[in-house]
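Enquirer: Using full-length UniProt numbering, the first residue of the sequence shown is number 1, and each one after it goes up by one.
Mind looking over this structure? Questions follow.
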Amino acid sequence: MVHYGHSNQLRQAHAMGDYLIVGVHTDEEIAKHKGPPVFTQEERYKMVRAIKWVDEIVEGAPYVTTLETLDKYNCDFCVHGDDITLTVDGKDTYAEVKSSGRYRECKRTQGVSTTDLVGRMLLMTKTHHSNIDKNSDYQQHTDNFGKGPKGHSPWTGVSQFLQTSQKIIQFASGKEPQPGDTIIYVAGAFDLFHIGHVDFLENVYKQSDKPYVIVGLHFDQEVNRYKGKNYPIMNVHERTLSVLACKYVSEVVIGAPCAATTDLLDHFKVDLVCHGKTEVIFDKDNSDPYAEPKRRGIFRVIDSGNELTTDTIVERIIKNRQVLFQGVNVLA
Ligand code: C5P
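Here it is, written out as structure tokens:
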């Protein structure tokens, strides 16, 4: 999966040099060393390209980074998080570049990993939600925090991420809209930020020569109202970082109302409101959330050309896990 933990790694790596080249492995290489990937290589190439700190990607990069690979792409050094990665034969994948001094380390983001996210999907718990009420989920979230290893709950094993203003600053564009910019507003859950979202935002971005794209993120309780189960899988803090890392996004509203209201449109001086071809979720009172932009004649449906949804990803993941678990059973 591609998540904000990866984006944070790429952000740190970019800050260590001038030009960041990201090597992305093929499906075959990942299946061999780590198990089946959730996204295909084509999807992952596109996802990584859409992260704003990435200057270039190398498709089908070898799993083990050698000096030859670094020289081939004219790289001074390579960067990896502060956890060790091993090949299928148990060797450190970065042994060669480490011994020749062409290796730098960045910090892993606590509280998120593909395994964590899969855990949330499988456990169906809601403790990762950012609840404003002191209900039992909130209590469990606060009780759990810090008691498990690396920001994990000792009881559920589910990760706990803590948002900070520093992290938001690091991820934010810091840009204000300039005169002549077209201010485009989109809203949604943007849960498990995926290639469908990227394709949508790319097409939204292309609606103007000078786009300023604002993404309104619905609060966890709101998403849970219309999606049910334990959705969203990522809480609003995590979704904020995922969306901010996308190069097509200028600003995020952290906890947007369901409807694009008069106040909201006037406040941000919105010129255009877009929604994809997915179903429009009606507000609590059954009203159309886009009634006001439609009345103003500034509403546009944008075709992402991509059918992927958060539900499909969850299905893919659960299927992959079943394949993995079957594999484990066979080995056992
Ligand atoms: O479902 P969610 O609220 O995350 O969607 C956010 C926006 O992305 C919506 O406008 C939706 O229509 C759009 N989208 C899309 N193509 C996809 C997935 C989402 O256009 N495959």
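Cβ atoms here follow ideal geometry from the backbone N, Cα and C, with glycine treated the same way.
All values reported here derive from a predicted model rather than from experimental measurement.
To which residues of the same chain is G255 closer than 7 Å at the C-beta, ignoring the five residues directly before and after it?
Expert: Here residue 255 corresponds to residue number 255 of the sequence shown, with the count starting at 1. Only L217, F219 and V236 meet the Cβ criterion.
Enquirer: Ordered along the chain, which non-local residues of its own chain (more than five positions away) have a Cβ less than 8 Å from that of K210?
Expert: The residue labelled residue 210 in the question sits at position 210 within the sequence shown. Cβ within range, chain order: Q178, G180, D181 and T182.
Enquirer: If you drop the 5 nearest sequence neighbours on each side, which residues of the same chain put their C-beta closer than 8 Å to that of R108?
Expert: Here residue 108 refers to the residue found at position 108 when the sequence shown is read from its first residue. Within the same chain, R108 has close Cβ partners G5, Q9, G81, D82 and D83.
Enquirer: Hey, how far is the Cα of R11 from the Cα of V79?
Expert: Mapped onto the sequence shown, residue 11 falls at position 11. Mapped onto the sequence shown, residue 79 falls at position 79. Straight-line Cα distance between these residues: approximately 11 Å.
Enquirer: By how many angstroms is the C-alpha of Q322 removed from the C-alpha of V64?
Expert: Locating residue 64 in the sequence shown gives position 64, counting from the first residue. Locating residue 322 in the sequence shown gives position 322, counting from the first residue. Straight-line Cα distance between these residues: approximately 27 Å.
Enquirer: Looking at the secondary structure, which residues open and close the beta strand (DSSP E) in which L217 lies?
Expert: Counting from 1 along the sequence shown, the entry for residue 217 is found at position 217. Run containing L217: P211 to H218, per the beta strand (DSSP E) assignment.
Enquirer: Where does D266 sit, in a helix, a strand or coil, going by DSSP?
Expert: What you label residue 266 is simply residue 266 of the sequence shown in a count that begins at 1. Correct three-state label for D266: helix.
Enquirer: Just to check, is the beta-carbon of F268 closer than 8 Å to a non-hydrogen atom of the ligand C5P?
Expert: Here residue 268 refers to the residue found at position 268 when the sequence shown is read from its first residue. F268 Cβ: outside cutoff for every heavy atom of the ligand C5P.
Enquirer: Along the chain, where does the alpha helix (DSSP H) containing V97 start, and where does it finish?
Expert: Translated into positions along the sequence shown, residue 97 becomes position 97. That run of the alpha helix (DSSP H) goes A95 to S99.
Enquirer: Reducing DSSP to helix, strand and coil, say where V112 ends up.
Expert: On the sequence shown, position 112 is the one that residue 112 refers to. Note: V112 maps to coil in three-state DSSP.
Enquirer: Report the CB separation of Y290 from H267 in whole angstroms; it is logged as a contact under 8 Å.
Expert: Start at 1 with the first residue of the sequence shown, and residue 290 comes out as number 290. Start at 1 with the first residue of the sequence shown, and residue 267 comes out as number 267. With a Cβ gap of about 17 Å, Y290 and H267 do not count as contacting.
Enquirer: May I have the straight-line CA-CA distance separating P36 from V58, to the nearest angstrom?
Expert: The sequence position of residue 36 within the sequence shown is 36, counting from 1. The sequence position of residue 58 within the sequence shown is 58, counting from 1. Looking at the two C-alpha atoms, the distance is approximately 20 Å.
Enquirer: Rounding to the nearest angstrom, what Cα-Cα distance links G196 and S304 in this structure?
Expert: Walking along the sequence shown from the start, residue 196 turns up at place 196. Walking along the sequence shown from the start, residue 304 turns up at place 304. Roughly 7 Å separates the two Cα atoms.
Enquirer: Assuming G23 and A61 make a contact with CB atoms under 8 Å, what is their CB distance in whole Å?
Expert: Working through the sequence shown from its first residue, we reach residue 23 at position 23. Working through the sequence shown from its first residue, we reach residue 61 at position 61. Rounded, the Cβ-Cβ distance is 3 Å, consistent with contact.
Enquirer: If you draw a straight line from the alpha carbon of H313 to that of E307, how long is it in whole angstroms?
Expert: As a first step, residue 313 is located in the sequence shown; it is residue number 313 there, counting from the start. As a first step, residue 307 is located in the sequence shown; it is residue number 307 there, counting from the start. Rather than His, the amino acid found at residue 313 in this sequence is Ile. Answer to the nearest angstrom: the Cα atoms are 11 Å apart.
Enquirer: Just verifying my parser: in three-state terms, what is the DSSP assignment at T65?
Expert: In the sequence shown, the residue the question calls residue 65 occupies position 65. Correct three-state label for T65: coil.
Enquirer: Kindly identify the DSSP beta-bridge partner or partners of A256.
Expert: Stepping through the sequence shown from its first residue, residue 256 is reached at position 256. Per DSSP, H218.
Enquirer: Does the separation of the CB atoms of A189 and Y248 fall below 9 Å?
Expert: Translated into the one-based positions of the sequence shown, residue 189 becomes position 189. Translated into the one-based positions of the sequence shown, residue 248 becomes position 248. Not a contact, by the Cβ cut-off of 9 Å.
Enquirer: What residue range is occupied by the uninterrupted alpha helix (DSSP H) comprising A13?
Expert: Within the sequence shown, the letter at position 13 stands for residue 13. That run of the alpha helix (DSSP H) goes Y4 to A15.
Enquirer: Between which two residues does the alpha helix (DSSP H) harbouring L244 extend?
Expert: The residue given as residue 244 occupies position 244 in the sequence shown. Start and end: V236 to L244.
Enquirer: Is it right to say D191 is buried, meaning 16 or more other beta carbons lie within 10 angstroms of its own, or is it exposed?
Expert: Sequence index remark: in the sequence shown, residue 191 carries index 191 (1-based). Its Cβ being crowded by 16 or more others within 10 Å, D191 is buried.
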